[in-house]
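Presented below is the structure to which this report refers.
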Amino acid sequence: MLMAEVHIQNGKSDMAVIFCKKCTEKDKSCKKAWERLGYIREKESAYTKAALNYETAWAVTQKSSPNIGFKLAYNYLKSGRNVDAIDVCNTILKKFPNCTRNYYE
């Protein structure tokens, strides 16, 4: 994962994707790898693919990370899945009622 982070910082997303995928092949429950894949896809404006990666990261955390949940909802919105975005936000607000931070200002 460290190599993926270095490549992301250097703007080499194609190499970062390779390292993240290697990580997910060895450990399907690596939240950080799925989250980084989502981040890369989001920066490429591939919101549907980003949502799939954030979906997996959120499932791995058992829907207990509001940060990942809000990123998932944002990518659902950008990919036209409005109802799914609302469902995710409602789930987050039920689990974390004090979590009202705006992640994309």
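Per the numbering used here: the sequence shown = residues 164 to 268. Glycine included, every Cβ here is placed at the ideal spot set by N, Cα and C.
Q) Nearest to W197 by alpha carbon, out of K206, T254, A214 and E207? A) A214
Measuring only the C-alpha atoms, how far is I231 from A220?
7 Å
Checklist entry - Quick one: Cα of V223 to Cα of S192, how far? => result 6 Å
* Which stretch, first to last residue, makes up the alpha helix (DSSP H) that contains F259? -> Annotation for F259: no alpha helix (DSSP H) segment contains it, and DSSP assigns it neither H nor E.
**Item:** Selected residue, minimal CA-CA separation from I203, among K234, D190, S228 and P229
**Value:** K234
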